[in-house]
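J.: So the number in my numbering is just where the residue sits in the sequence shown, counting from 1, plus 30.
Questions regarding the structure given below will be posed in turn.
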Amino acid sequence: MFRLAPIFSRLSVRAFSSATASQQSVSKDALMKLRKRTGYSYVNCRKALLQFGDNNIAEAEKWLREVAEKEGWAKAA
Numbered sequence: 031m032f033r034l035a036p037i038f039s040r041l042s043v044r045a046f047s048s049a050t051a052s053q054q055s056v057s058k059d060a061l062m063k064l065r066k067r068t069g070y071s072y073v074n075c076r077k078a079l080l081q082f083g084d085n086n087i088a089e090a091e092k093w094l095r096e097v098a099e100k101e102g103w104a105k106a107a
């Protein structure tokens, strides 16, 4: 019984992992444009585009700059 406990805990973590959640897509062109304009990482630009949509790059850029200032991000080299 005690040997099975670690196995069950790993299974439950995998079942609720965010990796299995549905993946939303972002336009490659919009992502490249936002990265070029801001210089921030792929992940951060993708988050902004998922939040504001591909057609609203100006709002995504504004949000990125606000969050970057608040959290102290460094721009990509």
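Glycine is no exception: its CB is placed at the ideal position from the N, C-alpha and C atoms.
Note that the structure is predicted; figures quoted are calculated from it, not measured.
(1) Can you list, in chain order, the residues of its chain with a C-beta nearer than 6 Å to that of residue 101? Leave out the 5 residues immediately preceding and following it.
(2) Hey, could you find the ends of the alpha helix (DSSP H) residue 74 is sitting in?
(3) I need the DSSP call for residue 93, collapsed to helix, strand or coil.
(4) Keeping to the same chain, check which residues put their C-beta closer than 8 Å to that of residue 95; ignore five residues upstream and five downstream.
(5) Which residues in the same chain as residue 56 place their Cβ atom closer than 7 Å to its Cβ, once the five residues preceding and following it in sequence are excluded?
T.: Quick look at the numbers:
(1) The residue labelled residue 101 in the question sits at position 71 within the sequence shown. Excluding sequence neighbours, residue 101 sits near nothing in its chain.
(2) As a working mapping, residue 74 is identified with position 44 in the sequence shown. Taken as a continuous stretch (DSSP letters only), the alpha helix (DSSP H) holding residue 74 covers 72-82.
(3) Counting from 1 along the sequence shown, the entry for residue 93 is found at position 63. Residue 93 sits in a helix when the DSSP states are folded into three classes.
(4) Residue mapping note: residue 95 aligns to position 65 of the sequence shown, counting from 1. Residues 68 of the same chain have their beta carbon placed closer than 8 Å to that of residue 95, with the five preceding and five following residues left out of the count.
(5) Position 26 of the sequence shown, counted from the first residue, corresponds to residue 56. Counting only Cβ-Cβ distances below 7 Å, and skipping sequence neighbours, we find 76, 79, 80 and 84.
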